[in-house]
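Trainee: Dropping a structure here in structure tokens format, bear with me for questions.
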Amino acid sequence: MTLHVSVDKDTGVAVVTLDRPHKLNAIDLATADELGAVWREFRFDDSVRAVVLTGAGERAFCTGLDRDAVVPQPGSPYMQDDPLLRIGPKANDLWKPVISAVAGMACGGAFYLLGESEFVVADPTAVFFDPHTTYGMVSAYESVLMAHRMPYGEVARMMLMGTAERISARRAYEVGLVSELTEPGRALEAAAACATVIARCPAEGVQGTVRALWAAKEAARAQGYAQAPPLIALGNLPAERQAELFADRRPGGFRTR
């Protein structure tokens, strides 16, 4: 198992932990399947009324799709398979509130999870960036999701600057991506405290509110998603060239703002 799931029956709060710290909690195909299965299980578990999502270890919340994952693709340019499209709670028809607790890096495909969370709590070690453009890829789904979380200019800068720049926890808080900035090491605790308060409220009203909030941006998100496959097909470099750019990366060389 690449996830750790615990449920406190007294508070009604479940904690889902991405448990691949040796891989910076990158998501392989098994993890993607497990995430989808967990969200679907929570749909039927009335003892779970709120969820906290976090990552194991201190270095990363999640660094997106595992570069070692082999994702079979159809031979047609009109069809693409993206395993990360199925990893979020909303993609699995779960309308219970999810709060993300972030420490360390959150980048690339991590935005599929952050984008489907109700809000984000972070400690000072959290940093946010998107490496797609640096490695010759189009940031499509991630950009659509983050465009509903941050001012346009901030999203555009994060997506276009690639690995050259990282957004600090403080800056993420200032622009609204992060709702609470905690003391070091306290993000999970703070997120769980919020989840406990929410879980005390009648579930029907909470879940209806989650659904209403998502409905407010759902149409625009769906239209953005519809444009993503052709943009990726047109804009992505061949996989072997992406791999070369990734292999040539150098440690450091970025600024944090």
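Numbering (the numbering used here) for the sequence shown: 9 to 265. Even glycine gets a Cβ: it sits at the ideal position worked out from N, Cα and C.
1) How close, in whole Å, do the beta carbons of R57 and A211 come, if the pair is a contact with beta carbons under 8 angstroms?
2) Does DSSP put T71 in a helix, a strand or coil?
3) Provide the residue span of the beta strand (DSSP E) that contains V162, from first to last.
4) With which residues is L61 paired in a DSSP beta bridge?
5) In terms of residues, what are the limits of the beta strand (DSSP E) holding R51?
6) Give the DSSP-derived three-state secondary structure of E197 in the structure shown.
7) What's the C-alpha gap between A22 and D90?
8) Where does E173 sit, in a helix, a strand or coil, going by DSSP?
9) Name the residue from Q231, M145, V163 whose alpha carbon lies nearest to the alpha carbon of L245.
10) Can you say whether R265 is buried or exposed, counting buried as having 16 or more other CB atoms within 10 angstroms of its CB?
11) Looking at the structure shown, is A255 part of a helix, part of a strand, or coil, going by DSSP?
12) Taking three-plus beta-carbon pairs below 8 angstroms as touching, is the region 202-211 in contact with the region 172-181?
13) Between T171 and R257, is the Cβ-Cβ spacing less than 9 angstroms?
14) In or out: M169 buried (at least 16 other Cβ within 10 Å) or exposed?
15) Touching or not, the region 192-202 and the region 55-73, by the rule of three or more beta carbon pairs under 8 angstroms?
16) Assuming V110 and V59 make a contact with CB atoms under 8 angstroms, what is their CB distance in whole Å?
17) Express the C-alpha separation of Y233 and A130 in angstroms, rounding to a whole number.
18) Go through the region 84-155 residue by residue and report every complete run of the beta strand (DSSP E) that reaches 3 residues or more, in order.
Mentor: Answer, in terms of the structure:
1) A211 and R57 do touch by the CB rule: their CB atoms are close to 5 angstroms apart, below 8 angstroms.
2) The answer is coil: DSSP assigns T71 none of H, G, I, E or B.
3) Correcting the residue identity first, residue 162 is Glu in this sequence and not Val. E162 -> not in any beta strand (DSSP E); alpha helix (DSSP H) instead, spanning 160-169.
4) Partner(s): V24, S108.
5) Looking at the DSSP string, R51 is not in any beta strand (DSSP E); the run it does join, the alpha helix (DSSP H), is 37-52.
6) In this structure, E197 counts as helix in the three-state DSSP scheme.
7) Roughly 27 angstroms between the two C-alpha positions.
8) Correct three-state label for E173: strand.
9) Checking every option, the nearest Cα to that of L245 belongs to M145.
10) Burial call: exposed.
11) Here A255 carries a helix assignment [DSSP, helix/strand/coil].
12) Contact fails: fewer than three Cβ-Cβ distances are below 8 angstroms.
13) For the 9 angstroms CB-CB criterion, T171 and R257 form a contact.
14) Flag for M169 reads buried.
15) Because the criterion of three Cβ pairs below 8 angstroms is met, the region 192-202 and the region 55-73 touch.
16) Between V110 and V59 a beta carbon distance of about 15 angstroms is seen, past the 8 angstroms cut, so the two are scored as non-contacting.
17) Taking the straight line from one Cα to the other gives about 27 angstroms.
18) Listed in chain order, the complete beta strand (DSSP E) runs (minimum 3 residues) inside the region 84-155 are 106-110, 113-115, 127-130, 135-137.
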